[in-house]
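Trainee: Numbering (the working numbering), first residue to last: 87 to 309. First the structure, which I've put down as structure tokens, then a few questions once you've had a look.
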């Protein structure tokens with residue numbers, strides 16, 4: 087089976103600039119947007135791949151890591167990269183939300199929240215956090231809990247858990263709050279047992295190379 091390659095998915099050269107990558111993504115996102123390709127599963131799958139490729143190649147650190155893997159492993163670089171990065175890692179820090187909102191305003195298309203829920207089902211959540219110091223938006227990817235207590239519970243944002251979300255984002259802002267309204271996208275997953283018991287959990291903030299300890303209240307529920 088042919089291996090995926092992020093550069094081929096976007097149709098850009100490995101030496102493409104960040105601006106070239108963004109402009110190409112905008113065109114492809116508009117071309118394959120589900121609202122313009124209704125009942126077209128091929129376009130939906132293409133859109134998913136384009137989103138992932140852009141999230142990686144638009145992030146300098148992830149792009150460097152992917153390029154290093156390409157030099158080491160050639161065509162199998164994608165497989166090695168995905169072994170190290172989950173969906174939540176890949177989309178962390180991406181400005182895809184902004185681009186989708188631009189299209190929503192300009193062309194009346196649905197924004198990223200609705201589209202990503204359609205793509206990733208009930209396991210996807212989007213949240214926003216605002217205070218006097220700035221604005222942050224996050225995406226949570228996960229699968230609903232499976233029978234037998236297996237699977238991961240996406241960290242919810244309502245009720246008591248909203249306090250935890252604000253606490254986590256406050257810790258992020260305390261390290262380095264984004265300038266000029268830039269997004270902060272970070273994600274926290276709990277097993278059903280962890281959600282029930284609560285307690286302090288270590289959290290690695292990849293974008294800042296920092297380790298945080300987050301206190302989870304007992305009885306956290308998804309949704």
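Heads up, the beta-carbon is just placed ideally off N, CA and C, and yes, glycines get one too.
1) Between the region 161-181 and the region 91-100, are three or more C-beta pairs nearer than 8 Å?
2) Could you check the C-alpha separation between residue 102 and residue 181 for me, to the nearest Å?
3) Does the beta-carbon distance from residue 195 to residue 122 come in below 9 Å?
4) Taking its Cβ as the centre, do 16 or more other Cβ atoms sit within 10 Å of residue 179, making it buried, or is it exposed?
5) Is residue 229 helix, strand or coil when you go by DSSP?
6) Quick one: using the 10 Å Cβ neighbour count with 16 as the cut-off for buried, is residue 192 buried or exposed?
7) Please check the pair residue 312 and residue 177, which I expect to be a contact at CB under 8 Å, by giving their CB distance rounded to whole angstroms.
8) Using 10 angstroms around the beta-carbon of residue 156, count the other beta-carbons present and answer buried if the total reaches 16, otherwise exposed.
9) If you reduce the DSSP assignment to three classes, tell me which class residue 127 lands in.
10) So is residue 119 buried or exposed if we call it buried at 16+ other beta carbons inside 10 Å?
11) Within this structure, are the beta carbons of residue 100 and residue 153 separated by less than 9 Å?
12) Classify residue 285 as helix, strand or coil using the three-state DSSP reduction.
13) When you compare each of 167, 132 and 135 to residue 147 by their alpha carbons, which one comes out closest?
14) Count the other C-beta atoms from every protein chain shown that fall within 10 angstroms of the C-beta of residue 137, then say buried if there are 16 or more, exposed otherwise.
15) Give the secondary structure of residue 169 by DSSP, where H, G and I count as helix, E and B as strand, and everything else as coil.
16) Apart from the five residues just before and just after residue 129, which ones in its own chain have a Cβ nearer than 6 Å to its Cβ?
17) Roughly how many whole angstroms lie between the Cα atoms of residue 150 and residue 187?
18) The alpha helix (DSSP H) that contains residue 119, what's its start and end?
Mentor: A quick look at the data gives this:
1) yes
2) 18 Å
3) Closer than 9 Å, so yes.
4) buried
5) Residue placement at residue 229 is flagged as unreliable, the pLDDT there being 44, under the threshold of 50; a coordinate-derived value is accordingly withheld.
6) Under this definition residue 192 is an exposed residue.
7) Since the first residue shown for the chain is 87 and the last is 309, residue 312 is missing from the structure and cannot be characterised.
8) Around the beta carbon of residue 156, 16 or more other beta carbons lie within 10 angstroms, which makes this residue buried.
9) Three-state result, residue 127: helix.
10) buried
11) yes
12) Strand.
13) 167
14) buried
15) helix
16) 118 and 123
17) Cα to Cα, residue 150 sits roughly 28 Å from residue 187.
18) Per DSSP, residue 119 belongs to no alpha helix (DSSP H) and is neither H nor E.
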